[in-house]
Each structure stands twice: as structure tokens, then as C-alpha cells.
Amino acid sequence: KPGKWTSDLLAAGILSVVTLGANIVSTGLLSELLPAPPNTGVINLFGWLHQNPGMLALFLGVLLWIGVAQEELTRVFLLNRLWKVWPSPAIKMGAVLFAASLFGVSHAWQGPTRIVCAGIYGLIMGIYYVRFGRVAPMIISHYSTNALQVVVFALRMPQ
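In the working numbering, each residue carries its 1-based index in the sequence shown increased by 96.
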């Protein structure tokens, strides 16, 4: 759908706050219910990024393309294809749930808590896409939330 860059940036900011808030709350609640051993691969990655600021900057560039690919594939492409086959409103929401579930499962390498958190994130983004039909705010929000988390965790790693 048509839009303006100012409204897209505002929507991206709101989406970022909503998804980060949902992430914090759901992680806090789910980490008790779905305990998992620490993901040493991710911990090692953040430690390495902490020691190599140039690689952290490069990694942030890669995150942009990850956000673009995930938003374009799991929401825009998949949802639009499913909606063309089954255009009814009830099926549209079923497709959003399906895409959110796929998005959650794509984060399985991060453990059960992250699967559910990513699924919640996918649901929020899917509902936004149904309502507004704009992909740019979703990409900006996806990138900014991922980048913020990576920078915070990388900088907090002990020497």
C-alpha cells in the first residue's frame, strides 16, 4: 500500500517498541517455563564481536539483509501467495498464524523460548501487515531491534 517515509519511520519506531516490549515480557515469563541450556555458540559469537568492533560493524550490515529476507519471505511473499489462493478474512488470519509459526520455528537453533518469542514477533508483524500492508516499517523495525540486541549483548560481554 502507498505510504510516506515519515509515517513509515514512525510506524517502525512503534513496532520496535512493541516488539521489544513483547520480547522482554515473553522472555521473562517463558524462560522459567521452557528452560534450556545456554547457547554457547551465541555466547561465543557475542564475545568475539565484543573483541572485534570491526566485525561487529560488519555483522550489523549482515543483519540488515537477514531482516529484509525474513520480512519479505515469511510475511510479504508467503502471506500474499496464501491470500491469493484463500482470500477470505478468516483464512487471512490463519495464514498470519501459519507464517508466524514458521518464523518461530526458523529460530529453533536459539532454543524453545526464542521459538515462542519469535512466533509472537511474527504474529505482531503479520497483524501489522494485514492492517497496513507496508513492508518498509517491518524491515526497519526488524533490523533496529536485532541490531540493538546484538550491540547491547556484544558490549556487555566480559573481556
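The C-beta atom is built at its ideal place from N, Cα and C for all residues, glycine as well.
Residue 199 sits buried, since 16 or more C-beta atoms from the chains shown fall within 10 Å of its C-beta.
Counting the other Cβ atoms within 10 Å of the Cβ of residue 166 gives 16 or more, which makes it buried. Take the alpha-carbon of residue 176 and the one of residue 228: they are about 13 Å apart.
Under the 8 Å Cβ criterion, the segment 117-124 counts as touching the segment 211-218, having at least three qualifying pairs. By the Cβ rule, the segment 141-154 does not count as touching the segment 174-193, because fewer than three pairs are nearer than 8 Å. Each residue's CA atom was taken as its position, placing residue 139 and residue 126 some 20 Å apart.
DSSP, read as helix, strand or coil, puts residue 100 in coil. Every alpha helix (DSSP H) stretch that sits fully inside the segment 135-179 and reaches 4 residues is listed by chain position as 136-147 and 149-167. In chain order, 142, 145, 152, 155, 156 and 159 place their CB closer than 8 Å to the CB of residue 246, counting only its own chain and leaving out the 5 sequence neighbours on each side.
Non-local beta-carbon contacts of residue 233 in its own chain, meaning distances under 7 Å to residues more than five positions away in sequence, involve 104, 107, 108 and 111 in chain order. The beta carbon of residue 130 lies closer than 6 Å to those of 208 and 209 in the same chain, with the five residues before and after it left out.
Runs of the alpha helix (DSSP H) lying entirely within the segment 181-231 and spanning at least 4 residues, in chain order: 185-201 and 208-228.
When 238, 186 and 197 are compared, the shortest CA-CA separation from residue 219 is found for 197. In the three-state DSSP reduction, residue 133 falls in the coil class, being neither helix nor strand.
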